[in-house]
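Q:
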Amino acid sequence: LAINFNACPVSAAIRMLDGEITDTVETLSVGHQPQHIHVYSSSWGPSDDGATLEGPGRLTQMAFSLGVARGRQGLGSVFVWASGNGGREDNCNTDGYTNSIYTLSVGAVSESGTVPWYSESCSSTLAATYSSGDSGLQERAMVTTDLHGRCTENHTGTSASAPIAAGIVSLALSANPGLGWRDVQHLTVRSSNPSDYLRTTWRINGVGKKVSHEFGYGLMDALAMVRLARTWRSVPRLRSCDAGGQEGLSVSVEDGFERTFRLATDGCASLSPSREVAFVEHVQVRVALTATRRGGVQMWLHSPLGTVSQLLSRRPKDKASLGDAWGEDG
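UniProt numbering puts the first residue of the sequence shown at 1, with every later residue one more than the last.
Now the structure itself:
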């Protein structure tokens with residue numbers, strides 16, 4: 001790749017985790033200078049304790065919306081987010097930052113291609129990059145800069161994965177500065193490599209692409225993404241369609257049983273041709289639930305073409321009875 005060293009990107013850190021974390025603090029971070037910041041790399045979020053269900057507050061949600069609408073002179077800032085380190089007993093769909101349509105959620109792959117012990121599984125993970133593995137198997141951690149001008153060989157978790165993804169996205173934007181924030185998501189899906197080297201259960205979605213709840217659409221490939229970015233034609237403007245209506249569904253499910261609910265939609269074509277959704281990027285499902293034990297609730301979403309996404313899996317440590325559940329089929 002030819003690199004113009006006279007136009008190198010500049011990175012900067014925003015201090016926010018050294019005190020009380022509030023909606024205002026988060027807003028000032030993800031909403032800082034969106035007209036100048038092209039890529040935000042975030043390796044923080046709700047507690048990875050297997051019991052927390054939390055998302056961005058009202059102000060932070062507004063910052064995301066403004067960032068993609070006005071950032072980069074209207075092309076949209078790109079928010080790269082670490083999928084979380086809660087392990088097998090957590091689910092990153094209960095993290096309202098990683099499953100936002102405005103964020104590019106990134107998981108981790110160990111150097112041997114396995115799912116790291118800390119990795120969370122969820123349908124909102126779009127892709128993965130390398131990070132630390134199991135030290136007992138002599139899988140190494142990541143080398144990076146450290147405090148006081150030093151280096152470290154012990155950077156771990158999806159906190160290390162997200163910055164790598166942000167760097168790859170920056171290369172793609174350098175190759176094609178006209179990319180919109182949704183173009184970057186499309187490029188990530190198309191250029192990531194679902195290699196057999198990655199040890200996971202791959203499923204074929206309705207359009208024939210391999211996808212995994214651990215690695216998304218595969219391991220991010222910088223060279224492939226940059227090459228594709230150079231000739232990429234931007235996607236049409238965003239359209240959204242509400243398939244549930246204003247009231248939605250109100251149902252009860254007995255403990256130990258399951259129920260199937262069907263929502264019929266024509267993609268809003270009957271409302272207006274200008275609102276019709278021709279192809280799906282994200283499906284968001286918002287659920288308000290009351291359960292004897294929230295951690296025992298599981299939910300799946302089936303698409304008309306047969307794609308199955310698990311929106312909520314069992315979380316043994318989640319003993320709450322009330323809450324909202326975020327879920328999306330990417």
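Even for Gly, the Cβ is constructed at its ideal location relative to N, Cα and C.
Could you say if the region 121-134 and the region 154-171 meet the contact criterion of at least three C-beta pairs nearer than 8 Å?
A: Because the criterion of three Cβ pairs below 8 Å is met, the region 121-134 and the region 154-171 touch.
Q: Taking DSSP as the reference, what is the three-state secondary structure of Thr292?
A: Coil at Thr292, not helix or strand.
Q: Under the DSSP definition of a beta bridge, which residues are partnered with Asp95?
A: Glu54.
Q: Considering only their Cβ atoms, is the gap separating Gln35 from Arg58 smaller than 9 Å?
A: No, they are not a contact pair.
Q: Quick check on DSSP: helix, strand or coil for His282?
A: DSSP places His282 in coil when its eight states are reduced to three.
Q: With a threshold of 6 Å on Cβ separation, who are the neighbours of Asp146 within its own chain once the five nearest residues in sequence on each side are excluded?
A: Excluding sequence neighbours, Asp146 sits near Thr152.
Q: Counting C-beta neighbours from all protein chains within 10 Å, is the total for Val143 16 or more, i.e. buried, or is it exposed?
A: Val143 is exposed by the Cβ-count criterion.
Q: Can you round the beta-carbon distance between Arg315 and Gly50 to whole angstroms, since I take them to be within the 8 Å contact cut?
A: Indeed, because the Cβ distance is near 5 Å, the residues count as touching under 8 Å.
Q: Starting from Ala162, trace the alpha helix (DSSP H) in both directions and tell me its first and last residue.
A: Its alpha helix (DSSP H) spans residues Thr158 to Ala175.
Q: Suppose you measure from the CA of Asp48 to the CA of Asp90; what does that come to, to the nearest Å?
A: Looking at the two C-alpha atoms, the distance is approximately 7 Å.
Q: Going by DSSP in three states, Leu312 sits in which element: helix, strand or coil?
A: Correct three-state label for Leu312: strand.
Q: Whose C-alpha, out of Ser303, Val226 and Val297, is nearest the C-alpha of Leu263?
A: Nearest of Ser303, Val226 and Val297 to Leu263, Cα basis: Ser303.
Q: For Gln185, does the count of other Cβ atoms within 10 angstroms reach 16, so buried, or fall short, so exposed?
A: Result: buried.
Q: Taking Thr292 and Asp255 to be in contact with their CB atoms under 8 Å, please state how far apart those CB atoms are, rounded to whole angstroms.
A: Confirmed, Cβ separation roughly 6 Å.
Q: For Ser77 and Trp202, I'd like the C-alpha separation in whole angstroms.
A: One C-alpha to the other measures close to 30 Å.
Q: Return yes when the Cβ of Ser43 is within less than 9 Å of the Cβ of Pro163, no when it is not.
A: Yes. Within cutoff.
Q: CA-CA distance, Gly31 and Gln284?
A: Their backbone Cα atoms lie some 23 Å apart in a straight line.
Q: Let me check one thing: in DSSP terms, what residues is Met16 bridge-paired to?
A: Per DSSP, none; premise fails for Met16.
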